[in-house]
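Engineer: For the sequence shown, the working numbering gives the first residue as 3, with consecutive numbering after it. Take this structure first; my questions come after.
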Amino acid sequence: MSVTQPFRYAQGREPVERQMVFDGKSGKLFCDCGIKSMMIKRLGFELLIGGCTLGIMEEPNRPDDPNILWKIFSSLKLTLALLIVLAIGSVFGTLIPQQESAMELAHKLSPGLARLFSSFQLFDLYHSMWFRFIIALLAANLIVCSINRFPASLRRFRGQPSPERPKLFANLAPQMAFALNRDLEEVSNNTSAYFRERYKRVRSATTAQGEHYLVGERGRCANFGVYLVHLSVLLILLGGLVGSIFGFEAFVNVPEGATVEKVMLRKTRAPRRLPFAVRCDKFSLDFYPNGTPKEYRSDLSFLVDGKVAHRGVLLVNHPITFKGITFYQASYGTIAGNMARLRIASKNGVEDSSFEAQLGKTYDLPGGHAKFEVVDIRSNFMGMGPAVQVQVRAPSGRNPGIWLFQNQEKIRRRFPGIFEKFPQLNPAAFEPFVFSLEKIESRYYTGLQVSKDPGVFIVWTGFFMIVVGLFVTFFMSHRRIWIRISKSPQGVRVEVAGIASRNKVGFAKELDRFRDKLQDYLLEAPPSQAETA
């Protein structure tokens, strides 16, 4: 069956005469569009034949149609779904303690619930594989959406607006036109000169009726504001992934005067060697009158190949960064030093001496019959307070090792007979001498939090770009202004019209100001200036 009827698209296109062919076997309707016979697809338009709407069968997928995977990733619904999932995950990551802070919560939960949280990696959510996978999906979604919509924006950017747009002036508001008692050519030249000073890409045209048209534009780059936002979001996501994969968080305690080259990773508790050494030259602590710490600072030196490459003062909230690794002042404490004050007495009480003993140094016992050495110093050994280990070196070859406690009498009352039962705890194990510990030297250590995040620069770049992109997107627009200059009974008629991609109200005010200034300029311009222009 073949019929000839006018038909139109629902989008409002004018009716066009086309040859309609209906295939009774397949039940499909074809249209001869002058180039080749093609099947009409139902893409949101209607076909009207003889005043009746006919349903049109949808054409099967053609090779040039995007595949289903591309359609999914170009969907804004997918974007919203992924953002909702990330928001819900971030809520869990905020409410549930992360990493080492989660241990206390895990002990309070039931074993089943703790296993459930652990299986979903909720105790380390931001480093979990599923969270990274959602971020990767969101990045792919942004890329595909940008690729789909970028060609249209590029065409708008490259497009050359035609100066002749008489339809723009068909229903022009009266205040957007004014008349001048001047020469047409003079007004045209002056208008062109004024226009080119304030707008870019000004183009002109003259019709056969003697009408002069001008068009100029501003803000073409506003078409790419949304892509700048997309790119900044991708950079922020990329920076987060780079930091979580290639960065680390660790801690280390550095005694005053000591040097360390390794730190302990927070997540795995495994040691990690630094590309340099860190030395605590000095640790100082100030207190308030009530005894609470006021300020503590660490004077650090960073050594490369044994030489000091950098020095800095580390304070709370004032970190130091060296070779991409940042150090924060996190805590402090005291540890045993290298000196201990010992008292050695004989059982008959005749010989009694007190002196300072240095760790690792050998001393003679009274009488010169044997030697001893302090081989270890602990600030809190076995939970029983300060202690030192003394190694006695006798000529007979009997070299007992004895632990001496500063709080010996308290331990004796708490654990009666403990010193007699265990020879290695007995201060009188090497007769005829009795050892006792009076005091040990203590020194401060500084607790440092160590982190490396190679994605920080990428994230900061993304934040800067997103601010610029949002400004371009919401506060800039692609504005085009048309001017028509024609003869009228009053002399010369000048009309101003324009189109803006967004912020129509603001553009209307700008158009009013432009018209007023143009009118003032043309009224004040002398005829000689027109000829010069």
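Cβ atoms here follow ideal geometry from the backbone N, Cα and C, with glycine treated the same way.
1. Got a sec? Which residues, its chain only, sit under 6 Å from residue 166 by beta carbon, not counting five neighbours each side?
2. Compare the beta carbon distance of residue 436 and residue 342 with 8 Å and say whether it is the shorter of the two.
3. Below 8 Å, can you find three or more Cβ-Cβ pairs linking the segment 139 to 152 to the segment 75 to 85?
4. Have a look at residue 500 and residue 155 and give me their C-alpha separation to the nearest angstrom.
5. Hey, how far is the Cα of residue 34 from the Cα of residue 467?
6. What residues match up with residue 266 in a beta bridge as DSSP calls it?
7. Which of the three DSSP states is assigned to residue 449 in this structure?
8. Alpha carbons only, please: which of 383, 329 and 433 is nearest the one belonging to residue 410?
9. Can you look up residue 2 in the DSSP assignment and give me helix, strand or coil?
10. Can the beta-carbon of residue 481 be found closer than 8 Å to that of residue 161?
11. Within 10 angstroms of the Cβ of residue 143, are there 16 or more other Cβ atoms? Answer buried if so, exposed if not.
12. What is the rounded straight-line gap between the Cα of residue 95 and the Cα of residue 445?
13. State the beta-bridge partners of residue 407 as determined by DSSP.
14. To which residues of the same chain is residue 523 closer than 6 Å at the C-beta, ignoring the five residues directly before and after it?
15. Apart from the five residues just before and just after residue 503, which ones in its own chain have a Cβ nearer than 7 Å to its Cβ?
16. Could you compute how far the alpha carbon of residue 620 sits from the alpha carbon of residue 463?
17. Name the two residues that bound the continuous alpha helix (DSSP H) containing residue 310.
18. Please report the straight-line C-alpha distance between residue 69 and residue 80, rounded to a whole angstrom.
19. Spell out a yes or no on whether the segment 168 to 179 and the segment 244 to 253 are touching, meaning 3 or more CB-CB pairs, one atom from each, closer than 8 Å.
20. Compare the C-alpha of residue 335 against each of 483, 227 and 257 and name the closest.
21. Would you tell me roughly how many angstroms separate the C-alpha atoms of residue 418 and residue 293, rounded to the nearest one?
22. At which residues does the alpha helix (DSSP H) containing residue 182 begin and terminate?
23. Looking at the strands, I want to know which residues DSSP matches up with residue 301.
24. For the alpha helix (DSSP H) containing residue 513, name the first residue and the last one.
25. Roughly how many angstroms lie between the CA atoms of residue 396 and residue 381, to the nearest whole one?
26. Would you identify the three-state DSSP class for residue 227, choosing helix, strand or coil?
27. Select from 490, 484 and 450 the residue whose C-alpha is nearest the C-alpha of residue 201.
28. Between which two residues does the alpha helix (DSSP H) carrying residue 196 extend?
29. Suppose you measure from the CA of residue 296 to the CA of residue 361; what does that come to, to the nearest Å?
30. Can you list the alpha helix (DSSP H) stretches of 4 or more residues lying completely in the segment 447 to 507, in chain order?
31. If you compare alpha carbons, which of 494, 497, 451 and 465 is closest to residue 268?
32. Does the Cβ of residue 455 have 16 or more other Cβ atoms within 10 Å, making it buried, or fewer, making it exposed?
33. Using only CA atoms, which one of 192, 108 and 119 lies nearest to residue 525?
34. Using DSSP bridges, identify the partner residues of residue 439.
Structural biologist: On the basis of the data shown:
1. Setting aside the 5 residues that flank it on each side, residue 166 is surrounded in the same chain by 207 and 215, each with a C-beta closer than 6 Å to its C-beta; the list follows chain order.
2. With a cutoff of 8 Å on beta-carbon distance, residue 436 and residue 342 are scored as not near each other.
3. At 8 Å Cβ cutoff, the stretches touch.
4. Spanning the alpha carbons of residue 500 and residue 155 requires a straight line of approximately 19 Å.
5. Because the pLDDT of residue 34 is 47, which lies under 50, any placement of that residue in the model is unreliable, and the question is left without a value.
6. Per the DSSP secondary-structure output, residue 266 pairs in a beta bridge with 253 and 273.
7. In this structure, DSSP gives residue 449 an extended state, which the three-state scheme calls strand.
8. With distances taken between Cα atoms, residue 410 lies closest to 383.
9. Examination of residue 2 is not possible in this model, given that the chain is present from 3 through 535 alone.
10. No. Outside cutoff.
11. Residue 143 comes out buried.
12. Going from the Cα of residue 95 to the Cα of residue 445 covers about 39 Å.
13. DSSP links residue 407 through a beta bridge to 389.
14. For residue 523, where only same-chain residues beyond five positions count, the Cβ hits under 6 Å are 196.
15. Excluding residues up to 5 positions away in sequence, 224, 479 and 480 lie with their Cβ nearer than 7 Å to the Cβ of residue 503 in the same chain.
16. A query on residue 620 cannot be resolved here, the shown segment of the chain reaching from 3 to 535 and no further.
17. It is not in any alpha helix (DSSP H) - residue 310 instead sits in the beta strand (DSSP E) that spans 309 to 316.
18. Approximately 16 Å between the Cα atoms of the pair.
19. In short, these stretches do not touch, since the Cβ pair count stays below three.
20. Nearest option by C-alpha distance: 257.
21. One C-alpha to the other measures close to 37 Å.
22. Boundaries for residue 182: no alpha helix (DSSP H) harbours it, while the beta strand (DSSP E) harbouring it runs 179 to 182, taken from the DSSP string.
23. Under DSSP, residue 301 takes part in a beta bridge, and its partners are 284 and 315.
24. First-last of the alpha helix (DSSP H) with residue 513: 506 to 526.
25. Rounded to the nearest angstrom, the two C-alpha atoms are 28 Å apart.
26. If DSSP states are grouped into helix, strand and coil, residue 227 belongs with the helices.
27. Per the Cα distances, 484.
28. Per DSSP, the continuous alpha helix (DSSP H) segment holding residue 196 begins and ends at 186 to 200.
29. The straight-line gap from Cα to Cα measures roughly 33 Å.
30. Qualifying alpha helix (DSSP H) stretches, in chain order: 458 to 477.
31. Comparing C-alpha distances from residue 268 to each of 494, 497, 451 and 465 shows the shortest one belongs to 451.
32. Buried is the call here.
33. Nearest C-alpha to residue 525: 192.
34. Under the DSSP definition of a beta bridge, residue 439 partners with 344.
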